[in-house]
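Student: There's a structure below that I have some questions on.
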Amino acid sequence: MDVILIATVLFAMWWLASRRSALARRVAVACLAGFVSCAVLTGAYLSSADEAKKEEKKPQGEPVVKKLVKPEDWPEGHPLPQVGSNCAACHLTAGRELTAAVTNFVRSVHDLAEMTCYDCHGGNTRDDVKAHEEEFGFIGTKKSAHISNCSDCHDEAAKVLASGPHEWDFGKRINTEYPMCFDCHGNHDIGNPPADFKLAAMCGDCHDKLDKQFPNLAAAVAENDRLWDVLRMVRKKNIAKDAPIPDAFAGEVAAVRADTMQIIHAAKEVPAERVGKLNRRAEALRTSLEKWLQSTP
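Taking the working numbering, the leading residue of the sequence shown gets 95, the next gets one more, and so forth.
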């Protein structure tokens, strides 16, 4: 189709150069417009045909839901994912890092939202044999594709991030000099970071003098880490429940995290007054959670 369009343009140019009459020019322009229209319509038709073929290849019907059975070496007291997808059913017995992904996913923010592996990774939701085939949208661990998924779901957070110095179009090329979503948030354990994770340490990988360069931002980061030290203990105590954060605190936890995101994602120094208000809220929440831990058997 590109060849036809180029040939048409060259023909029109030749015609205009060799014929000076108004009629010749009108004929050339009409021919050019006709060929361009045909090219656009044909391209649109082929594109729609490709999309139709992709839709035909998608598994029909709702995703299968399987009953998950804990393997013998499953951590004691650790629950299973909320939704029994065919992915989780296989990975539970796959061993090593393949099973660790399921372990870490349990009670993460995505598990609590009843999402499954294929919501992020794609794949065949009904046929285990074809689960990892590209024709069913499986993207595996391709970083650029996952970053795109993060932005699609978390558009507000993506917009705030885009307003700061950490913005990079990861959909075109991965650049390890810029932090990616999962550098700070993790992969399968989003909303449930491991005990050894510290946001301050992550910032310090690039900003070794964060407290001097951005003292107010650094204060927000430090208070966020202190709050998460307590949240981990709360989640551990409540891990078997559908909502690890008690209802009495869930709203304020979400609100403090949302306001903290606005500051940290922007990655710019902020007024001390704004950080002070946020940190006082975070400290009060942390104190309340510590009291809850002490009073709950």
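Idealized CB from N, CA, C, for every residue including glycine.
Please work out which residues of its chain come closer than 8 Å, Cβ to Cβ, to Leu372, disregarding the five sequence neighbours upstream and downstream, and give them in chain order.
Tutor: Ala314, Glu317, Val350, Asp353, Thr354, Ile357
Student: Across the stretch 213–223 and the stretch 317–331, are there enough close Cβ pairs to call them in contact, namely three or more that are closer than 8 Å?
Tutor: no
Student: Classify Ser389 as helix, strand or coil using the three-state DSSP reduction.
Tutor: Annotated three-state conformation of Ser389 is helix, per DSSP.
Student: Leaving out the 5 sequence neighbours to the left and right, which residues in its chain are closer than 7 Å to His185 when beta-carbon positions are compared?
Tutor: Leu192, Thr193, Ala195, Val196
Student: Within 10 angstroms of the Cβ of Thr210, are there 16 or more other Cβ atoms? Answer buried if so, exposed if not.
Tutor: A residue is called buried once 16 or more other Cβ atoms fall within 10 Å of its Cβ, and Thr210 is buried on that count.
Student: Cutting at 7 Å between CB atoms, please list the residues of its own chain near Asp222, excluding the five before and the five after it.
Tutor: Asn180, Cys184
Student: Do Ile284 and Val203 count as a contact pair if the criterion is CB distance below 7 Å?
Tutor: yes
Student: Which residues in the same chain have their Cβ closer than 6 Å to the Cβ of Ala366, if we skip the five residues on either side of it in sequence?
Tutor: Asn310
Student: Count the other CB atoms, across all protein chains shown, that sit within 10 Å of the CB of Ala225; report buried if there are 16 or more and exposed otherwise.
Tutor: buried
Student: Which residue wins for smallest C-alpha separation from His260, given the options Asp336, Cys300, Pro169, Arg380?
Tutor: Cys300
Student: At the level of alpha carbons, what is the spacing between Ser389 and Tyr272?
Tutor: 43 Å
Student: Looking only at its chain, what residues have a beta carbon closer than 8 Å to the beta carbon of Val159, apart from the 5 residues adjacent to it on each side?
Tutor: Val177, Gly178, Ser179
Student: Identify whether Ser245 lies in helix, strand or coil by the three-state DSSP scheme.
Tutor: helix
Student: Please state the DSSP three-state secondary structure of Arg220.
Tutor: Three-state result, Arg220: coil.
Student: Please return the same chain residues whose Cβ sits closer than 6 Å to the Cβ of Gly171, not counting the five positions on each side in sequence.
Tutor: none
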